[in-house]
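Numbering (our numbering), first residue to last: 5 to 101. Written below as structure tokens is the structure these notes are about.
Here you go:
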């Protein structure tokens, strides 16, 4: 038997790439960094080192919200998809997979 999904609030913080994207433009959006020529204002930002939230097996269970990893958007990503709000996952009823 599975436990019900656990709601976790991480908060936006102020120093991560996610926090800066949330402050720059409300809502969901994406950009293709391989085909879209960035504006002159965005180019330096895309080539500047930032931090992003770090998730996964290498992050401790109870302190995950404090872990960040370095990245430079133009070097590390082909594109950026920003989802402003996500919700808990739900198991599909049997037979719907």
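Beta carbons: idealized from backbone N, C-alpha and C, even for Gly.
Where residue 47 is concerned, the enclosing alpha helix (DSSP H) starts and stops at 46–50. Selection 84, 25, 76 evaluated against residue 36 yields 84 as nearest (Cα-Cα). Shown here for residue 19: same chain residues with a beta carbon closer than 8 Å to its own, the five before and five after excluded, namely 55, 72 in chain order.
The C-beta distance from residue 76 to residue 44 rounds to 18 Å, too long to fall under 8 Å, and the pair is not in contact.
Residue 78 holds the alpha-carbon nearest to the alpha-carbon of residue 51 among 89, 98, 78, 21.
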